[in-house]
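Letter by letter, the sequence shown follows residues 10 to 144 of this note's numbering.
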Amino acid sequence: MKPGETLLFLGFGGIGATLLLALLWAPSVSLEAFESPAAQRIFYWHVPAAWAAFIAFGALFIGSAGWLFRRSEQMWRLHVAGSEAGLACGLMAVWSGCVWGAAEWGTPWDWTDVRLNTFGLLTLLSIYVVLGRGS
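Spelled out as structure tokens, the structure:
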């Protein structure tokens, strides 16, 4: 196994272990005090996934603009990393948000929420970029 593959394997293993621990060992709160469903525990990994996706989308923007104006290999690598990380974290945030929305609102998606739809469009854009680069 190459050093890069080992690092990638360890990174994904750490992410998986962290998600598992967040779901199983998240501190429970008095549901009567907050009047929230048990699905509120999903926020322990939904919010970090959304923040990581926004950071990745920022890297995607900077890498794309840098490659457009400079045509440097480093900016292209930033573009690739931002698109793939944005896709992974964006899908995780959208999925967990749908799970929470179904429990809290009774519907997994609210089409009137501009922030939710914008995040969904960013995630679809990253799908397009990743698939378009592979073709």
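Note that beta-carbon positions come from the ideal geometry of N, C-alpha and C, so glycine has one too. These figures come from a predicted structure and were not determined experimentally.
Through-space distance from residue j to residue i, alpha-carbon basis
i: L133; j: L140; result: 11 Å
i: W76; j: M10; result: 31 Å
i: R86; j: F128; result: 23 Å
i: G143; j: T15; result: 23 Å
i: D122; j: T116; result: 13 Å
i: L100; j: A26; result: 18 Å
i: W114; j: R79; result: 47 Å
i: G72; j: G13; result: 21 Å
i: M84; j: L28; result: 30 Å
i: G23; j: A74; result: 31 Å
From the options, residue whose alpha carbon lies closest to that of residue i
i: V89; options: V56, L77, L69 and T116; result: L69
i: W34; options: Y53, G129, T121 and R80; result: Y53
i: H55; options: V138, L131, Y137 and G106; result: G106
i: L131; options: G95, D122, T121 and G110; result: G95
Cutoff 7 Å; reference residue i; Cβ partners in own chain excluding five residues on either side
i: C98; result: A58, A61, A62 and A65
i: V108; result: A48 and I51
i: I31; result: For the sequence presented, residue 31 should be read as Ala rather than Ile. Answer for A31: Y53 and W54, listed in chain order.
Sequence-distant residues of the same chain with beta carbon closer than 6 Å to residue i, five excluded per side
i: S81; result: none
i: S92; result: L69, S135, V138 and V139
Closer than 7 Å: residue i CB and nearest the ligand ATP heavy atom
i: A65; result: For the ligand ATP, the structure offers nothing, since it holds no ligand at all.
Close beta carbons around residue i, own chain, < 8 Å, minus the five adjacent residues each side
i: F18; result: M10
i: R124; result: none
i: V103; result: F128, G129 and T132
i: D119; result: G110 and L125
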